[in-house]
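>
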Amino acid sequence: MSEHYDYDVVIIGAGIGGLVCGCYLAKAGLKTLIVEKNAKPGGYCTSFSRQGYHFDACAHALGSLRPGGRLDSLFNDLGLYERLNIVRKDPSDIIFTPSHKICIYKSIQKTIKEFQQAFPKEKKQIKKFIDFVTSDDLKTFMKYRGETLQILLDDFLKDDKLKAIFSILILGFAGCPPDKVSAVVSCLIFREFVFDGGYIPDRGMQALSDVLLARFLEFGGVSKMGKPATEIIFKNGRVGGVVLKGGEKVFSNHVVS
């Protein structure tokens, strides 16, 4: 790092993305600073209390924490399991419609039976569909590259109410109706978050953010809470750092925003 720079990397924002990025960079030995406009870290993974009640501000649960799952690998890499007590709700989700109540259980086979009991005429296709979207072979999904979730549902299922329930499960994650969201993205959401979801830090989502910040600092990182970045500095056609509220300048080789 040039002596002219204060840090190798400045990360704007202490949301989950910024915290995880910071942990890996600091763990790798880079001099890293995270600046955050709010007084505490977390972004969508924050919590607060009102009149004796505890609320998660946005994200309410984690997915992909099965052995070998994406988040499981991250937790192992950063040593989070030793610092967080994760519980898993069962069922993780319950879908209510005017005619059905469907539970998503920890056991995929139990979940399949739940759907089959509600839609007996689709019994075989329900199993085929859930087996497909929970496949460990990503190449399986490539058949639907460029297609929508609606196409995927139509290929496997006939009952419109059943297709609507599976669409609702994706809507909360992707924010799009089935004819507007990618089939491949939907498969990954089903696999990593719907059918492997419901994992919760027992002290709320803020606990995850607080532990990630603590690990970042343990790896040698530096944080500035309540310090919004107002400008990215450019020098000679490349990034050179950030300006913080109040005019403080922090120079760095790289900026992650």
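Be aware that the sequence shown starts at 224, since it is given in the working numbering, and climbs by one per residue.
All residues carry an ideal CB built from backbone N, CA and C; glycine is no exception.
(1) At the 9 Å Cβ level, is residue 293 part of the contact set with chain C, yes or no?
(2) Can you tell me where the alpha helix (DSSP H) with residue 267 in it begins and where it stops?
(3) Under 8 Å Cβ to Cβ from residue 262, same chain only, skipping five residues before and after it: list those, please.
(4) Identify which residue in 297, 228, 230 and 235 has its Cα closest to the Cα of residue 480.
(5) Throw me the rounded Cβ distance for the residue 231 and residue 475 pair, which I believe falls under 8 Å.
(6) Using only alpha-carbon positions, find the residue among 317, 379 and 275 that is nearest to residue 420.
(7) Buried or exposed: residue 429, going by 16 or more other Cβ atoms within 10 Å of its Cβ?
(8) State the CB to CB distance for the pair residue 478 and residue 465, rounded to an integer number of angstroms; the pair is presumed to be in contact (CB under 8 Å).
(9) Check whether the segment 398–406 touches the segment 362–382, taking contact to mean three or more Cβ pairs, one atom from each stretch, closer than 8 Å.
(10) Please check the pair residue 364 and residue 407, which I expect to be a contact at CB under 8 Å, by giving their CB distance rounded to whole angstroms.
(11) Check residue 322 in the structure and name its three-state DSSP category.
(12) Alpha carbons only, please: which of 355, 441, 472 and 416 is nearest the one belonging to residue 294?
(13) By Cβ distance, which residues of its chain are closer than 6 Å to residue 392, with the 5 residues on each side in sequence left out?
(14) So, are the CB atoms of residue 320 and residue 386 less than 9 Å apart?
(15) At what residues does the alpha helix (DSSP H) containing residue 299 begin and finish?
(16) List, from N- to C-terminal side, the beta strand (DSSP E) runs of 3 residues or more that fit wholly inside the segment 427–457.
(17) State the CB to CB distance for the pair residue 337 and residue 382, rounded to an integer number of angstroms; the pair is presumed to be in contact (CB under 8 Å).
(18) Name the DSSP bridge partner or partners of residue 461?
(19) Excluding the five sequence neighbours on either side, which residues of its own chain have a C-beta within less than 7 Å of the C-beta of residue 396, listed in chain order?
(20) Short check: CB of residue 375 to CB of residue 367, under 9 Å?
Walking through what the data contain:
(1) Absent from the structure is chain C; it holds one protein chain and no more.
(2) Here residue 267 belongs to no alpha helix (DSSP H), and DSSP marks it neither H nor E.
(3) A distance below 8 Å between beta-carbons, with the five flanking residues on each side excluded, links residue 262 to the following residues of its chain, in chain order: 448 and 449.
(4) Among 297, 228, 230 and 235, the Cα nearest to that of residue 480 is on 235.
(5) The beta-carbon separation of residue 231 and residue 475, rounded to 7 Å, stays under the 8 Å limit for a contact.
(6) 317
(7) buried
(8) 6 Å
(9) yes
(10) Right, their Cβ atoms sit about 5 Å apart.
(11) Note: residue 322 maps to coil in three-state DSSP.
(12) 416
(13) 417
(14) no
(15) 293–301
(16) 445–448
(17) So it is not a contact: roughly 15 Å between Cβ atoms.
(18) 458
(19) 412 and 416
(20) Taking C-beta atoms as the reference points, residue 375 and residue 367 count as a pair closer than 9 Å.
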